[in-house]
Amino acid sequence: MLKILSLLLVSLPLYAMDGKIEEELFVSNLKALEDIKKQPELIVDHISPEGFELYGPKGTGEYLDMLGYSYSKKSSHHQKSLHKHADFADYPSFEELTAFLKKQVSKNPKIAKIFSIGKSVDGRDLWVVKISDNVDQDEVEPEFKYISSMHGDEITGRELTQFFIRDLIDGYGKDAKITELVNNTEIYIMPSMNPDGSKRRQRANANGYDLNRNFPDWIRGDRNGSDGRQPETKALMKFQAERNFALSANFHGGAIVVNYPWDSSYTRHPFNAFLKDLSKRYADLNPDMRNSRSFNGGITNGADWYVLRGGMQDWSYIWYDDLQVTIELSNAKWPSYTAIPSFYKDNKDSMLAYLKSVHQGAGFKLANSQKSGTVKILKDAGDKYVPKGEFGFSHGEFYKVLPEGNYSFIIQVKGQSNTKRFSVQVDNKTYPNGNYTSVVF
93 MLKILSLLLV SLPLYAMDGK IEEELFVSNL KALEDIKKQP ELIVDHISPE
143 GFELYGPKGT GEYLDMLGYS YSKKSSHHQK SLHKHADFAD YPSFEELTAF
193 LKKQVSKNPK IAKIFSIGKS VDGRDLWVVK ISDNVDQDEV EPEFKYISSM
243 HGDEITGREL TQFFIRDLID GYGKDAKITE LVNNTEIYIM PSMNPDGSKR
293 RQRANANGYD LNRNFPDWIR GDRNGSDGRQ PETKALMKFQ AERNFALSAN
343 FHGGAIVVNY PWDSSYTRHP FNAFLKDLSK RYADLNPDMR NSRSFNGGIT
393 NGADWYVLRG GMQDWSYIWY DDLQVTIELS NAKWPSYTAI PSFYKDNKDS
443 MLAYLKSVHQ GAGFKLANSQ KSGTVKILKD AGDKYVPKGE FGFSHGEFYK
493 VLPEGNYSFI IQVKGQSNTK RFSVQVDNKT YPNGNYTSVV F
C-alpha cells in the first residue's frame, strides 16, 4: 500500500498539468478535506454537510483507503440525486440550444450575431453571441464576457445565459438601461463551453478532462501556450487573445456564491479589495447569496475555499489583465428544470449590474490599430503605481476596469511616450462608448 501511495503522489503533478479525470468519488467524511487539500492536484468540489465530490487520477480511491476515509463512486451518488427530479431530462438538447440562440439573434441582427469560436471534441460548435449596437463593427467600447458550463454537469448557467441573451435583445429600444448598455458595450456571451460534457451529464469534456484545470498556470511556471491542451481550452485561449476583455465572469454550480481570485494561491490579488467590491455588487442583488449562511455576504476568496490549479479565472488576469470571477449559481449542479425560472429571477439584476461594472474604468485608442506597447498606470495620492505597474496592450487599444480614483496612463509605443489623465467613479453610469480617449503618436 505504501508503494501505491508513493506512486500516486509522484503522478499527481503530472496529472495537474492537464486536468485528466480518471476516478470520480463522493467522500462522506468532511474531515478528509484537511488531508486532501494538501494535494491541490486532486479536485474537490460541491462541498456540503453530506460530504464532497473528489476527482483525480487512477489510485485516488487507494489514496483514500490509505488515509482511512470511506467513499463511494460518484456515479451512484449522482444518479440518486438526479432521480429526485423526475423532470431533469426536460433540459434543452444542444440542438435546441443552438436553435434558440439563432432565433434570438434573428430578432435583431443589427445588434446581435452568433458565431462559433471552435469545435468540441465531438464536433459541437462552441457558440458565442455578441450583442452591441453596430454588431458587425469592432467599435471602441469596453469588452465584457460571460461564459458558462465549462463543467458539463453544472447546467444552471447554460440556461440563465440563454434567457439573458433573449432579454438583452428583446429589451433593446424598450428598456432604457438595457439599450444604453448595448449601445456602449461589446457584450460576448458563451452559454456552453463544454457541450459534450452537458450531453453526457458529466464534469469533464468528451476526452475526460476537467477544463477548469486545463489552462496555463502561473504558480507552476507554465508558459501561455495551447500545445497539448483540449480543443475547448484552445478555442477559448485563442478567442481571449484576439479580444480586449476587461471584465468577465464564468458560471458554475454546486454552491451559491461569488468566488474571486486567486484560486491557485493564498496570497491576495493586487486588486483584492476591488474584486471583493465587484463580487458583492453581484451577490447583494441575489437574495440567496446576500443571506448566505455558508459564505459571509455571499462571496469567498477562491483559495480560501479550496485551491485549484490550471483554472480559467486566474489565467485570464495573469496573461490578459481581464478581471474574472466565478459565480456558483445553484447548490444542485443539475436542478429540476422547473426551478430554472426562479434562478433566473434571482440572478438577472445581478447579471446586469456586474456587466455594467465594466464601465467603471478608463482606456485609450491609438490612431493606428496595428500598434502595440505598454501602459504604466499611476494613481493620484503620491503617484502610487497601480498593482502590476506596467500593462501590455495590442490591437491599438487598451481599457482597464479600476477602483474609484484619478489616474495617469503613461503610454509608450516604440520609444515614444504620451500621458493621459482619467477619473474613474463609482456612479453606476454607462459612459458613451466607455471612458475612452484617442491618442496620436
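Heads up, my numbering is the position in the sequence shown plus 92, with the first residue counted as 1. Don't be surprised by glycine CBs; every beta carbon is placed ideally from N, CA and C. As the structure is a computational prediction, the values presented were derived from the model and not from experiment.
Out of the options, state which residue places its alpha-carbon closest to the alpha-carbon of residue i.
i	options	result
ILE145	LEU159, ILE113, GLY160, MET158	Per the sequence shown, the amino acid found at residue 145 is Glu instead of Ile. Here the closest residue by C-alpha is ILE113.
VAL350	ILE257, VAL417, LEU339, LYS195	VAL417
ASP302	TYR155, LEU218, GLY403	GLY403
ALA375	TYR409, ASP355, ASP413, LYS440	LYS440
GLN294	TRP397, ASN510, GLU115	GLU115
LYS205	ASP225, LEU189, GLU187	ASP225
ASN306	LYS291, MET329, SER290, SER284	MET329
ASN388	LEU400, SER371, TYR398	SER371
ILE209	GLU187, LYS468, SER318, MET282	MET282
SER515	SER464, GLY507, LYS492	LYS492
GLN462	LYS130, GLU334, SER408, ASN304	GLU334
ILE223	GLN196, ARG321, ASP267	GLN196
ILE279	VAL531, THR430, ASP475, TYR238	TYR238
ASN498	LYS476, ASN364, ASN460, VAL531	LYS476
LYS512	LEU470, PHE331, GLY481, ASN299	LEU470
Using DSSP bridges, identify the partner residues of residue i.
i	result
TRP407	Looking at the DSSP assignment, TRP407 forms no beta bridge with any residue, so it has no partner.
GLY484	THR466
GLU142	DSSP lists no partner for GLU142.
ASN342	ILE239, THR418
TRP219	SER208
ASP137	GLU145
GLY526	GLY526 is not bridged to any residue.
ILE270	Its beta-bridge partners do not exist; DSSP assigns none.
Would you mind sorting residue i into buried or exposed? The rule is 16 or more other CB atoms within 10 Å of its CB.
i	result
PHE207	exposed
TYR161	buried
PRO524	exposed
GLY265	exposed
ARG216	buried
ASN520	exposed
ASN286	buried
SER140	exposed
ARG373	buried
ARG312	exposed
PRO201	exposed
LEU458	buried
ASP413	buried
PRO132	buried
THR359	exposed
ASP137	buried
Which class does residue i belong to by DSSP, given the choice of helix, strand or coil?
i	result
LEU122	coil
GLN332	helix
TYR412	helix
PHE255	helix
ALA395	helix
PRO132	coil
ASP182	helix
SER434	helix
ILE261	helix
GLY148	strand
GLN196	helix
ASP157	helix
GLY390	helix
TYR491	strand
PHE307	coil
ALA296	coil
TYR621	Past the edges of the chain, shown from 93 to 533, lies residue 621, and the structure says nothing about it.
MET109	For MET109, the pLDDT reaches just 49, beneath the cut-off of 50, and the residue's location in the model is therefore unreliable, leaving the point undetermined.
ASN316	coil
LYS176	Because the pLDDT at LYS176 is just 49, under 50, the model does not fix this residue reliably, and the point stays unresolved.
MET285	coil
VAL478	strand
LEU377	coil
PHE366	helix
GLY575	Outside the shown range of the chain (93 to 533) lies residue 575, about which nothing can therefore be said.
TYR498	According to the sequence displayed, residue 498 carries Asn and not Tyr. Reduced to three states, the DSSP call for ASN498 is strand.
GLU324	helix
ASN510	strand
ASN439	helix
ASN460	coil
Residue i and residue j look like a contact to me (Cβ under 8 Å); what is the Cβ gap, rounded to whole Å?
i	j	result
ASP288	ASN297	5 Å
TYR163	LEU117	5 Å
LEU421	PHE435	6 Å
GLY148	LEU134	5 Å
ASN378	ASP438	5 Å
PRO234	VAL450	4 Å
LEU447	PHE236	6 Å
GLU324	LEU193	So it is not a contact: roughly 17 Å between Cβ atoms.
GLU251	LYS425	Not a contact, Cβ separation roughly 13 Å.
SER356	ARG401	5 Å
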